[in-house]
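Asks: All residue numbers in the sequence shown are consecutive under full-length UniProt numbering, ending with 352. In this text, a Cβ means the ideal position worked out from N, Cα and C, and glycines have one as well. Nothing here was measured: the structure is a model prediction, and the numbers come from that model.
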Amino acid sequence: MWHLIKTNLRRHRHEDGLQVLVAALISAVMYAIGAVANNEPILSDASKRLGDLDIVPILLMIVMMVLALFAISFLLYFNTLLIARRDREIGLYRLLGLSGAKLGLLVCIESLMIGIFGMALGLLLGLIISPLLGMVLIRLMALHTPISLMLSFPAMVDVVILMGVVYLLVGSINAIYVQNPLRNFIRQQDVSAAPKPQTWWRFSLGIAGVVLLAGSLFTMVHLLPVSGVLMHILPRTQGRLIPPLLMGFMLVALLLGLFLVFEEFLPGIVAWFQQRSQMKTRNAHAISRHLIIKRLQGNAHSLWLTTLLCAITITMLGSSAMLFQYNQDLVQREIPTTVVAAGAGVDNVTKF
Numbered sequence: 001m002w003h004l005i006k007t008n009l010r011r012h013r014h015e016d017g018l019q020v021l022v023a024a025l026i027s028a029v030m031y032a033i034g035a036v037a038n039n040e041p042i043l044s045d046a047s048k049r050l051g052d053l054d055i056v057p058i059l060l061m062i063v064m065m066v067l068a069l070f071a072i073s074f075l076l077y078f079n080t081l082l083i084a085r086r087d088r089e090i091g092l093y094r095l096l097g098l099s100g101a102k103l104g105l106l107v108c109i110e111s112l113m114i115g116i117f118g119m120a121l122g123l124l125l126g127l128i129i130s131p132l133l134g135m136v137l138i139r140l141m142a143l144h145t146p147i148s149l150m151l152s153f154p155a156m157v158d159v160v161i162l163m164g165v166v167y168l169l170v171g172s173i174n175a176i177y178v179q180n181p182l183r184n185f186i187r188q189q190d191v192s193a194a195p196k197p198q199t200w201w202r203f204s205l206g207i208a209g210v211v212l213l214a215g216s217l218f219t220m221v222h223l224l225p226v227s228g229v230l231m232h233i234l235p236r237t238q239g240r241l242i243p244p245l246l247m248g249f250m251l252v253a254l255l256l257g258l259f260l261v262f263e264e265f266l267p268g269i270v271a272w273f274q275q276r277s278q279m280k281t282r283n284a285h286a287i288s289r290h291l292i293i294k295r296l297q298g299n300a301h302s303l304w305l306t307t308l309l310c311a312i313t314i315t316m317l318g319s320s321a322m323l324f325q326y327n328q329d330l331v332q333r334e335i336p337t338t339v340v341a342a343g344a345g346v347d348n349v350t351k352f
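(1) Out of Arg-13, Leu-60, Leu-98, Leu-96, which has the shortest C-alpha to C-alpha gap to Leu-133?
(2) Is Leu-291 closer than 8 Å to Pro-267 when the C-beta atoms are compared?
(3) Would you tell me roughly how many angstroms separate the C-alpha atoms of Thr-7 and Ala-311, rounded to the nearest one?
(4) Have a look at Ala-271 and Ile-293 and give me their C-alpha separation to the nearest angstrom.
(5) Determine the burial state of Leu-251: buried for a count of at least 16 other Cβ atoms within 10 Å of its Cβ, exposed for fewer.
(6) Any idea what DSSP makes of Pro-178, helix, strand or coil?
(7) Among Leu-149, Ile-58, Met-231, Leu-223, which residue has its Cα nearest to the Cα of Ser-130?
(8) So, for Ile-128: in the same chain, excluding its five sequence neighbours on each side, which residues have a beta-carbon less than 7 Å away from its beta-carbon?
(9) Hey, Val-170 and Ser-111 are a contact pair by Cβ (cut 8 Å); roughly how many whole angstroms apart?
(10) Quick one: Cα of Met-64 to Cα of Ala-214, how far?
(11) Of the residues Val-210, Leu-9, Met-119, Ser-47, which one's Cα is nearest the Cα of Val-107?
(12) Going by C-alpha distance, which of Ala-120, Thr-219, Leu-309 is nearest Ala-71?
(13) Touching or not, the stretch 14-34 and the stretch 115-125, by the rule of three or more beta carbon pairs under 8 Å?
(14) Please classify Met-163 as buried or exposed, where buried requires at least 16 other C-beta atoms within 10 Å of its C-beta.
(15) Give the straight-line distance between the Cα atoms of Leu-301 and Ser-216, rounded to the nearest whole angstrom.
(16) Just to confirm before moving on: does the CB-CB distance between Leu-212 and Ser-227 stay below 8 Å?
(17) Rounded to whole angstroms, what's the CA-CA distance from His-232 to Phe-259? Just pull it up for me.
(18) Do Gly-209 and residue 381 have their beta-carbon atoms positioned less than 8 Å apart in this structure?
(19) For a test of the three-state rule: what should DSSP assign to Met-156, helix, strand or coil?
(20) With DSSP as the reference, label Met-279 as helix, strand or coil.
(21) How is Gly-97 classed by DSSP in three states: helix, strand or coil?
(22) Out of Gly-100, Ser-152, Ile-207, which has the shortest C-alpha to C-alpha gap to Ile-176?
(23) Measuring only the C-alpha atoms, how far is Val-165 from Leu-76?
(24) Taking C-alpha atoms, which residue in Leu-125, Glu-40, Ile-314 lies nearest to Pro-146?
Dropping the structure here:
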């Protein structure tokens, strides 16, 4: 079995190397965040700056949790793509008499070995990245804390536990995937199913998704003015309930609109462009657009989830940066304030 594992790792070294690199980058970033969150000098100075002893580690832990959610979703989806490329190989092993239990154990061990390599490389990279992340935090908060190599055993334990759970889950999924006897081989005749036909009804749903997405984003940006208008329209409703209810409704509209954009609108746009230029393009271009439509329809859920996770991650990072800059002299000087001036000083104030 170990010889077969070694052969498979060598045969799929490019795909496995890419998976190791992705796992290493995720592990490195998570270790860097954990190391900064456990660095006492930085936390002490940052807490003095913000006036709260708990807010900095709490924010860093929230960022780490969001990153962990993104990492789990991305690694599971990435593993699904890679294991699907081995369907013929798995089916051939089953035809040659390798039992489902042994084959499941084999792919599970391969996944664990990839996870161990990626985690080890990620911890080494994390030792390099963590001082850089600490310097960014010190720069954001205008601190004067000396920084050096951050060796944090609690952060290492967190990374090992999280990545261990992720790759145990990945290995278990792969082991279950290869249990089905000949399905993975018989269905592999590369008979590509045609994409769903693009009708005006489906494209209208896509346009509705764009309207929902744009309207929800606009309402969220102007939440208080819209809430005020609704309070005048609905005077009997308790005013304090309108903003949270409106926010919840807009979140649902945003999620639904984003999904319809990927599921209906983008394939409809590509199909419309294909029909419009059908007589002017070569067959290769038509085939490429056909594949784009098929991939958009097949990966709509993954694109939707990945977009949401990226948006949440960017929001958390931006919010953390804004909060870390709170109460800095430079930031306070940039905030506009009300100025009271006598008649003689109005011209001087106007110049600035």
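Replies: On the basis of the supplied data:
(1) When only C-alpha atoms are compared, the closest one is Leu-60.
(2) Taking the C-beta atoms as reference points, Leu-291 is found no nearer than 8 Å to Pro-267.
(3) Going from the Cα of Thr-7 to the Cα of Ala-311 covers about 40 Å.
(4) Straight-line measurement puts the Cα of Ile-293 at about 7 Å from the Cα of Ala-271.
(5) It is exposed - the Cβ of Leu-251 has fewer than 16 other Cβ atoms within 10 Å.
(6) Residue 178 is actually Val in this sequence, not Pro. Val-178 falls in the coil class under three-state DSSP.
(7) The shortest Cα separation from Ser-130 among Leu-149, Ile-58, Met-231, Leu-223 belongs to Leu-149.
(8) The same chain holds no residue with a CB closer than 7 Å to that of Ile-128 once the five nearest residues on each side in sequence are set aside.
(9) The C-beta distance from Val-170 to Ser-111 rounds to 5 Å, short enough to fall under 8 Å.
(10) The C-alpha of Met-64 lies about 29 Å from the C-alpha of Ala-214.
(11) Checking every option, the nearest Cα to that of Val-107 belongs to Leu-9.
(12) If we check each option's Cα against that of Ala-71, Leu-309 comes out closest.
(13) Output reads yes: the stretch 115-125 touches the stretch 14-34.
(14) Around the CB of Met-163, 16 or more other CB atoms lie within 10 Å, so the residue is classed as buried.
(15) Strictly speaking, residue 301 in this sequence is His, with Leu absent from that position. So the two alpha carbons sit approximately 20 Å from each other.
(16) In this structure, Leu-212 keeps its C-beta atom at 8 Å or more from the C-beta atom of Ser-227.
(17) Taking the straight line from one Cα to the other gives about 33 Å.
(18) Nothing about residue 381 can be read from this structure; the chain reaches only from 1 to 352.
(19) Three-state DSSP puts Met-156 in a helix.
(20) Interpretation of Met-279 is limited by its pLDDT of 46, a score under 50 that renders its predicted location unreliable; the figure taken from the coordinates is listed afterwards. The answer is coil: DSSP assigns Met-279 none of H, G, I, E or B.
(21) Of the three classes helix, strand and coil, the one that applies to Gly-97 here is coil, per DSSP.
(22) The candidate whose alpha carbon is nearest that of Ile-176 is Gly-100.
(23) Distance between the alpha carbons of Val-165 and Leu-76: 12 Å.
(24) Looking at the Cα atoms, Glu-40 is the closest of the given residues.
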